[in-house]
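Residue numbers (this note's numbering), protein chains in the order written: chain G, 7 to 575; chain H, 8 to 471. Since the structure comes first, as structure tokens, the remarks are kept for the end.
This is the structure in structure tokens:
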């Protein structure tokens, strides 16, 4: 892939390459965007004004704002300038592990000084995993995203997140604030695959979370007793970085973000937060609207994914129809933001997955089409998001002194024709190239979801499961969000949602499903490998011999329709 | 108006009023039913008044209070809601099999109140289930006793006041005689988990309870010192693995032990005697009949299948007379489903107990009602039809032991949670909703012609 995106400033600084000190500071140029429609969010819209950016900050904006002599002038006629959009939860800035390189291990350096296993290490800092890679932010910039909350995407205790600017040649220059929060996921397997060991189930995840939080409480008591005056004669308590890292969570100094989508996942998260009196946030939240009253009552904000579920592939000819619950979820999800707003729940938008950045703004527009007011939608992209993440003092609105992260569009951002032309990140300008396929860049075409790629498990699979010599035909409808695998299994062994699904970057996946076999209801643990449009693996069921399964995604290569022609209507 | 049409209208009224008023339930008067009380015999031509979630009165010619809904049950049978002492319904996880002792995990953490199986169980007259951890390891997780209040949240479904419990497991499932670890190409195979024999299972249990005793002693010591006014003490670390086992030692948590063979059951009962706790139920216990006096002496109950055997080596010696023999020796015995499918027809499994071993009708009914309540420690609330007990009832079209009978309505705490007369209308409504949903944009194949579900592709490419 060719990135035609590069910072305009790079030309100016090219001549300074011989002066490392100056290059390190990387002082951006001064810009004035004139005659533009300015949308400060914190104040009324200025229909025709000028905004001046200097030294990485917004220094002035107004109707009759003078243009400084040293400024590069951008004619903003026909352009709208917004505070840079914030992706309120994701993994931007964390490099993907090399394919087939034992994904989880590469992405998760171990912390040998902790007594807790990989997956339960709250002391992990996303700062230690960030890489400066501006070209990697091209698709985020094209979606108008200048700022992101970045958190580790796998494990149970996932560690501490950071808010970063999506630009800069060094990690140290990218970080806006850290730590922002502690992150928790209810996924087993620490990044997909067949990790064995405790916790190996959703039940174990909750027990492990509870035990570690309790340990952190008694750790605090032990340390306090030892550090008090009468420590003499007391055995020195062990130092534990994992339990140290949980202290600000227990003291409510930083929030704890639970990755939870379904109503019951969200309720479990809220119950746990209540049990330990933690400051909770929900990330994902596709069914948060079902829990809106409680979220409002307990003042829990939602980092709401706009990666709304939808059908992505044609069903296999022999597949059972989708469960009505799945059909409902796809229709209801885009209404969620509006319902949350009505209930008074605070929320910030997130893209949901780095593969879904192209659909970020089109999906925000779908939320608006489904009843969300454009003002609230804009706040959830900017100032409202910054407030929830605790960075509103420096980001989120067009105000003098705030960080010059700007998103510039041609046309109002909520109009279908809108296109992001340029973003500013810490005062440096990035021009978005005209895409050869404007529909993809601006996301104008609704329903133009990308086809399932070979690297994603999303799609409808026809699978044969052999257990105790009997073959059972089932249909797997899978959906992959990052390392999370959700969906349904239907067929000869009963039907229901799959649980605890995860998938690694190398295609190794794992999920559990409740199956009824020979009159008994048991839990099947499916572990397998995904390879293009085939999957295979083993299924273990207590009391039964190891089963095998293999399946194909028959519709992936078949044309789902005749090629789309421009409509003549 | 025919009887069934009247019942339909009445039940529809109940459902709509219940939905409209949230948790406030109007009184219900069930008229002229044949009532299988289970503990007080069979009453014909009897009325039941349900008020405030309880059975308020049983008699003839009862007067309906203001606002009461009346159900004409002429020709119908009313029995206590069925209790299934062994189920894995409505959970997102069944086993935490990674360790041999996982007493720290809780089924209550992973309930799925949206499971369609709840509706199916209600359609079989089931109102209370005991959701157990699986049998992957010697000491499994904590179970949850649940009332099947379909449509409510998980916390509203937990049976208030039910005794906490825990799953133990013995025999082949624990040693993984019939299982293998999952092998993924290129991945190291998980090591086999200790124990791999019944000897090892006894050792795991003994070791765990020794640790639990020590842990209890640490806390007792801390509490005693604190009570004596000693200052500056740091409390012992709370251990979620050992806390439930201390509760078992203190008689505050019931043990439900998956077991098949007589020898392993005797081992567990001896070990429980050694540590001074009681095993509340032996689950499955297919060879229980061989040691019925020993089980009775310990005071354990037993919960089993009616006629299911030989599906693995340790199930070869099962006989359908198991329940009858145990009951004749004074053991509290029950029939369970262990299955999301069989849970819908526990009435027939109970009826088989009259055929095999000659239980009386009331004894056979007890195996799916009152005895289950005893095994879960909720006998004061459910399991029989008595004034003051929870109004958990199943109304049948005929005698529940007839294969021709069906459940007309299932009530929990005086509320209707299943109403067969509304099924057809609800199915039609779901079909209508599905038709609308399938035409919605997010359910269409992207970029394709307007289609969803399994309609074949059309070559015309007509858009919507």
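We put the CB at the ideal spot given by N, CA and C, even for glycine.
Residue 84/H: first and last residue of the uninterrupted beta strand (DSSP E) it sits in: Element bounds for residue 84/H: 84-87.
Cutoff 6 angstroms; reference residue 493/G; Cβ partners in own chain excluding five residues on either side: Closer than 6 angstroms at the Cβ level, and outside the excluded window around residue 493/G, lie 483, 484, 485, 504.
Chain H contact for residue 506/G (CB, 9 angstroms cutoff): For residue 506/G, the nearest beta carbon of chain H is closer than 9 angstroms to its own beta carbon.
CA-to-CA distance, residue 248/H to residue 242/G, given in whole angstroms: Approximately 25 angstroms between the Cα atoms of the pair.
Cβ neighbours of residue 375/G in the same chain (closer than 8 angstroms, five flanking residues each side left out): Around residue 375/G: 340.
Runs of alpha helix (DSSP H) wholly within the stretch 316-340 of chain H (minimum 4 residues, chain order): Every alpha helix (DSSP H) of 4 residues or more that sits fully in the stretch 316-340 of chain H is shown, in chain order, as 329-335.
Completely contained alpha helix (DSSP H) runs for the stretch 124-212 of chain G, where each covers 4 or more residues: List check, alpha helix (DSSP H) in window: 144-148, 177-180.
9 angstroms Cβ cutoff, residue 127/G in contact with chain H: Under the Cβ criterion of 9 angstroms, residue 127/G is not counted among the residues facing chain H.
Where residue 80/G sits in the DSSP three-state scheme: Strand.
Between the CA atoms of residue 92/G and residue 369/G - distance to the nearest angstrom: About 15 angstroms.
Inside the stretch 326-406 of chain G only - beta strand (DSSP E) runs reaching at least 3 residues: Counting whole runs of 3 or more residues, the stretch 326-406 of chain G contains the beta strand (DSSP E) stretches 353-356.
First and last residue of the uninterrupted alpha helix (DSSP H) at residue 273/H: Note, residue 273/H: alpha helix (DSSP H), 269-282.
Near-chain G residues of the stretch 142-163 of chain H (beta-carbon distance less than 7 angstroms), N- to C-terminal order: Result list: 142, 143, 148, 160, 161.
Residues of its chain near residue 62/G, where Cβ-Cβ distance is below 6 angstroms and the 5 sequence neighbours each way are ignored: For residue 62/G, same chain residues with a beta-carbon under 6 angstroms away, outside a window of 5 residues either side, are 34, 410, 432, 433 in chain order.
Burial state of residue 81/G, where buried means 16 or more other Cβ atoms lie within 10 Å: Residue 81/G is exposed by the Cβ-count criterion.
Test: residue 111/H CB closer than 9 angstroms to a CB of chain G: With its beta carbon less than 9 angstroms from one in chain G, residue 111/H belongs to the interface.
Within-9 angstroms CB hit, residue 292/H to chain G: False, the Cβ-Cβ gap to chain G never drops below 9 angstroms.
Under 8 angstroms by beta carbon: chain H residues contacting residue 212/G: Against chain H, a Cβ distance below 8 angstroms from residue 212/G picks out 112, 113, 116, 117.
Buried/exposed call for residue 437/H, threshold 16 Cβ in 10 Å: Classification for residue 437/H: exposed.
Where residue 88/G sits in the DSSP three-state scheme: It is a strand residue.
Local Cβ density within 10 Å of residue 425/G, reported as buried at 16 or more and exposed below that: Residue burial annotation: residue 425/G is buried, with at least 16 other C-beta atoms found within 10 angstroms of its C-beta.
Alpha-carbon to alpha-carbon, residue 307/G and residue 390/G: If you draw a straight line from the Cα of residue 390/G to the Cα of residue 307/G, it is about 10 angstroms long.
Neighbour flag for residue 344/G against chain H, beta carbons, 9 angstroms: So no, residue 344/G is outside the interface.
Beta-carbon gap between residue 65/G and residue 188/G smaller than 9 angstroms: No. Outside cutoff.
Cβ pair count under 8 angstroms reaching 3, the stretch 206-225 of chain G against the stretch 275-282 of chain G: Contact between the stretch 206-225 of chain G and the stretch 275-282 of chain G is present: 3 or more CB-CB pairs across the two stretches fall below 8 angstroms.
Local Cβ density within 10 Å of residue 528/G, reported as buried at 16 or more and exposed below that: Around the C-beta of residue 528/G, 16 or more other C-beta atoms lie within 10 Å, and the residue is accordingly described as buried.
Residue 406/H (DSSP reduced to helix, strand or coil): The answer is coil: DSSP assigns residue 406/H none of H, G, I, E or B.
Inter-residue Cα distance where the pair is residue 335/H and residue 296/H: Using only the alpha carbons, I get a separation of about 10 angstroms.
Boundaries (first-last residue) of the alpha helix (DSSP H) holding residue 227/H: That run of the alpha helix (DSSP H) goes 205-234.
Residues near residue 295/G in its chain [Cβ-Cβ closer than 6 angstroms; skip 5 each side]: Shown here for residue 295/G: same chain residues with a beta carbon closer than 6 angstroms to its own, the five before and five after excluded, namely 342, 345, 346 in chain order.
For residue 366/H, three-class secondary structure by DSSP: In this structure, residue 366/H counts as coil in the three-state DSSP scheme.
Neighbour flag for residue 378/H against chain G, beta carbons, 9 angstroms: With 9 angstroms as the cut-off, residue 378/H does not count as an interface residue toward chain G.
Partner residues on chain H for residue 204/G, Cβ-Cβ distance less than 9 angstroms: The contacting residues are 103, 105, 106, 109.
Own chain, CB closer than 7 angstroms to residue 560/G, minus 5 neighbours either side, in chain order: Spatial neighbours of residue 560/G in its own chain (CB-CB distance under 7 angstroms, excluding positions within 5 residues in sequence) are listed in chain order as 322, 468.
Straight-line Cα distance separating residue 228/G from residue 395/G: Approximately 32 angstroms, taken between the alpha carbons.
Minimum C-alpha distance to residue 252/G - residue among 239/G, 203/G, 190/G: Answer by Cα proximity: 190/G.
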